[in-house]
Ligand code: HEM
Ligand SMILES: [Cu+2]
Ligand SMILES: [Cu+2]
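Given below as structure tokens:
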């Protein structure tokens with residue numbers, strides 16, 4: 169269902185969408201039943217001349233079951249949803265499948281900077297490829313990201329991946345994703361972070377293996393110093409205070 | 004406990020005598036009468052609601068027509084946008100929902116419904132309102148200082164909120180925080196009064212289970228508030244120190260922890276939702292029983308349910324922090340507690356629906372609002388399940404799905420239930436009747452556009468539209484034509500809804516002075532407030548009432564009249 173509204177492009181985004189459908193079905197049935205009952209009662213028991221209301225206390229067994237049975241059923245639905253929700257959660261946040269490649273994601277007021285490990289596959293070496301506002305990844309590979317913030321709380325949000333993780337200053341969080349569809353997708357900041365919050369976006373480009381290699385080769389040639397200075401020139405928010 | 008304290012009544016009576024020849028100032032600004040204080044809270048809250056609604060109008064116009072000047076405001080800058088959403092949220096929760104629902108209705112109703120002549124501590128009560136008014140003035144002042152009001156969202160996460168180098172509002176952020184602290188102190192004073200009064204000053208004969216539900220809900224909400232607010236006040240003062248004195252409780256570069264604030268905030272913030280929800284549920288119960296002429300279905304079960312909800316509400320706060328970097332295993336615990344709280348809340352909804360069974364339903368304006376509360380609140384309730392499910396919240400957190408969800412809970416609470424209560428007790432407050440026709444125009448003119456605002460927001464949220472963004476044209480996947488249309492639809496609905504508040508305001512003011520006069524009990528209701536004059540004088544009753552039965556004895560078999568007031572002898 170969600171897929172109609174927004175592309176789904178990572179290994180676990182289908183799980184999230186499935187959870188959405190499951191919950192919609194389970195709560196949808198209850199919602200429709202409750203509202204139908206509700207409007208029917210209003211219609212059925214409208215005041216009529218000379219007709220008094222019934223004296224019902226709620227202690228009558230044959231009436232109480234109308235509350236108690238739905239209740240037990242709600243509990244059952246709750247349990248189903250809890251199990252499903254935790255399973256998806258465990259996949260996304262609690263397990264870390266072995267990485268093919270690890271990238272660094274740095275949030276700061278109001279830009280994203282990324283570090284790709286470069287040809288040697290190791291971060292924090294001179295051949296790292298550092299970019300601003302654009303992260304290139306290869307389709308079908310499992311990525312780890314190391315997420316940090318330089319100043320306030322930001323949040324790394326890739327809607328097409330169904331992925332979100334806050335970035336807190338002073339901490340580094342590790343998460344993962346596995347892109348499944350090529351294309352370019354928005355990266356957003358989902359936690360208010362000052363006046364530039366509304367423009368704090370970046371692009372996540374999922375390349376074919378060939379395109380990724382071409383990109384890597386083109387950028388590996390750049391000197392790290394150049395890339396570093398690109399980081400400094402953070403775009404200012406579109407309009408001032 | 005059920006004993007009425009004659010001594011207290013005597014002393015209170017004496018102080019009322021001293022107030023007999025009041026001038027305008029004494030009557031309206033310096034009153035210790037619980038009814039006057041209650042109405043002051045309500046009026047202040049409603050005035051603030053207009054301010055909060057104006058802010059919503061400005062930022063919704065910006066979202067629908069980015070880059071165009073908003074009529075009545077002008078061009079919206081990103082900084083102003085953040086200021087508007089922050090203060091809209093803060094105002095609606097702290098300066099509308101809380102003052103009207105707890106302080107307003109609590110003050111007006113508790114003594115009248117339990118048969119007391121006033122609160123136990125009337126002067127404390129007055130101080131509570133004055134502090135509240137001061138807090139509102141400080142908040143308004145914060146909007147006009149250099150660099151404008153605070154823009155770090157009503158949740159005020161540090162380090163953004165703690166450091167002027169990050170938030171760029173050195174004055175606005177501190178004044179905002181001071182206003183919040185003052186406001187909490189005001190409600191602490193009020194809450195103590197509610198709890199003590201309803202425990203000690205009940206009319207002779209009134210047992211715990213003869214107390215109307217709305218009094219129960221307000222008292223339980225006050226207890227929740229007292230139990231949850233401590234950590235937040237402490238946190239707010241720490242944050243103030245960080246802002247002004249250079250401490251670093253929440254600053255990681257000097258050993259602080261920004262996530263600590265989030266725990267303190269939400270440990271308060273989640274119970275807070277129930278603090279405003281419970282009184283709303285209570286109001287709706289009162290109105291529904293009167294206009295269905297029915298006993299509340301399973302009254303005692305409702306009370307136990309309310310208590311269970313209150314207790315559980317302390318164990319769910321971290322569902323606001325699933326993606327905040329807390330230990331992922333903790334999320335599982337909070338998913339379980341969050342989904343379990345749906346049980347008592349569902350129970351309440353079922354009980355209310357069941358109350359209609361066998362009724363003799365009259366669709367007066369207050370009843371329409373009460374029924375709409377149930378119908379709309381259900382949407383808020385079921386959409387909460389989506390967000391409590393950690394695996395889905397990974398996607399939905401901080402999107403417009405959340406915004407739509409909590410407005411489907413808060414709008415029914417703070418607007419729909421309040422309207423139900425205001426139209427229901429209006430005759431008691433002013434001794435006159437509101438106009439039914441214009442009341443119904445207002446009702447439909449509010450309910451239909453309300454859904455028109457927030458249903459589109461659910462869909463936009465499910466499409467990944469994240470919140471607190473002043474201009475979506477900066478993002479490609481959020482500039483699709485259908486999304487732009489939905490934003491416009493939501494905004495147009497808002498403008499229509501605001502326009503329909505005008506008949507209400509006119510009806511309200513006109514009826515206050517010119518509406519048809521009513522007697523003591525225009526709705527044929529059972530509870531004690533309807534045995535006092537309309538409006539009740541200082542001290543409420545010349546002869547204090549005695550209680551003989553529970554509050555919901557409607558349509559009792561074998562009796563000619565279909566109501567049976569609590570104080571009637573046989
Ligand atoms: C008049 C009708 C209302 C409209 C059209 C409206 C609209 C909105 C919108 C669109 C936002 C999201 C802004 C954003 O995240 O970018 C928002 C935020 C909020 N609203 Fe409302 N709202 C209304 C009434 C209320 C009421 C009655 C309450 C509560 C009693 C309320 C409480 C909040 C809160 C707490 C926030 C969050 C503020 C923040 O992000 O810091 N609103 N409102
Ligand atoms: Cu950010
Ligand atoms: Cu941000």
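Residue numbers (my numbering), protein chains in the order written: chain A, 169 to 409; chain B, 4 to 573.
All C-beta atoms, glycine included, are put in the ideal place defined by N, C-alpha and C.
All values derive from a computational prediction rather than experimental measurement.
- For residue 352 of chain B, the enclosing alpha helix (DSSP H) begins and ends at 345-358.
- Per DSSP, reduced to three states, the secondary structure at residue 473 of chain B is coil, with no helix or strand assignment.
- When secondary structure is reduced to three states using DSSP, residue 207 of chain B falls in the coil class, being assigned neither helix nor strand.
- Taking C-beta atoms as the reference points, residue 419 of chain B and residue 461 of chain B fail to come closer than 8 angstroms.
- Checking the 7 angstroms criterion, the Cβ of residue 95 of chain B is within range of a heavy atom belonging to ligand 1.
- In summary, the residues of the segment 206-226 of chain A whose CB is separated from some CB of chain B by less than 7 angstroms are 206, 209, 210, 213, 214, 215, 219, 220, 221, 222, 223, 224, 225 and 226, in the order they occur in the chain.
- The alpha-carbon of residue 223 of chain B is positioned some 39 angstroms away from that of residue 473 of chain B.
- Residue state for residue 400 of chain B is assigned as coil, using DSSP reduced to three classes.
- Interface flag for residue 350 of chain B against chain A is set, since a Cβ pair is found closer than 8 angstroms.
- One residue after another in chain order, those with a Cβ under 6 angstroms from a heavy atom of ligand 3 are A:322, A:357, A:359, A:360, A:361, A:365 and A:368.
- Between the segment 162-172 of chain B and the segment 353-368 of chain A there are three or more C-beta pairs closer than 8 angstroms, enough to call the two in contact.
- DSSP places residue 245 of chain A inside the alpha helix (DSSP H), whose first and last residues are 229-257.
- In the structure shown, the three-state DSSP call for residue 327 of chain A is helix.
- In terms of beta-carbon proximity, residue 301 of chain A stays away from the interface with chain B, with every pair separated by 8 angstroms or more.
- Relative to the non-hydrogen atoms of ligand 2, the Cβ of residue 275 of chain A comes within a distance shorter than 7 angstroms of at least one.
- Using a cutoff of 7 angstroms, the CB of residue 91 of chain B counts as near ligand 1, since one of the ligand's heavy atoms is closer than that.
- Under the DSSP definition of a beta bridge, residue 344 of chain A partners with A:312.
- For chain A, none of the residues of the segment 308-319 of chain B brings a beta carbon within less than 7 angstroms of one of its beta carbons.
- Taking the beta carbon of residue 318 of chain A as reference, no residue of chain B falls within 9 angstroms; the closest one sits roughly 10 angstroms away.
- Within 7 angstroms of the C-beta of residue 564 of chain B there is not a single heavy atom belonging to ligand 1.
- Excluding sequence positions up to five before and after residue 538 of chain B, its CB lies within less than 8 angstroms of the CB of 38, 431, 432, 433 and 434, all in the same chain and listed in chain order.
- The Cβ neighbour count for residue 408 of chain B, taken over all protein chains shown within 10 Å, is at least 16; the residue is labelled buried.
- Residues 286, 287, 288 and 388 of the same chain have their beta carbon placed closer than 7 angstroms to that of residue 295 of chain A, with the five preceding and five following residues left out of the count.
- Nearest CB-CB separation between residue 276 of chain A and chain B: not below the 8 angstroms threshold.
- Annotated as proximal: residue 86 of chain B and residue 152 of chain B, with beta-carbon spacing under 8 angstroms.
- Short note on residue 256 of chain B: C-beta not closer than 7 angstroms to any heavy atom of ligand 1.
- Taking the Cα positions, residue 109 of chain B is about 48 angstroms away from residue 315 of chain A.
- A straight line joining the alpha-carbon of residue 304 of chain A with that of residue 481 of chain B spans about 21 angstroms.
- The beta carbon of residue 234 of chain A sits closer than 8 angstroms to some beta carbon of chain B.
- In the same chain as residue 294 of chain B, and ignoring 5 residues on each side of it, the C-beta atoms closer than 8 angstroms to its own belong to 364, 365, 366, 367, 369, 370, 373 and 526, in chain order.
- DSSP, read as helix, strand or coil, puts residue 190 of chain B in helix.
- Residue 392 of chain B and residue 338 of chain B have their C-alpha atoms roughly 6 angstroms apart.
- 8 angstroms or more divides the Cβ of residue 497 of chain B from the Cβ of residue 72 of chain B.
- Per DSSP, residue 165 of chain B has no beta-bridge partner at all.
- Remark: the shortest separation between the CB of residue 278 of chain A and any heavy atom of ligand 2 falls under 7 angstroms.
- The beta carbon of residue 338 of chain B falls within 8 angstroms of a beta carbon belonging to chain A, placing the residue at that interface.
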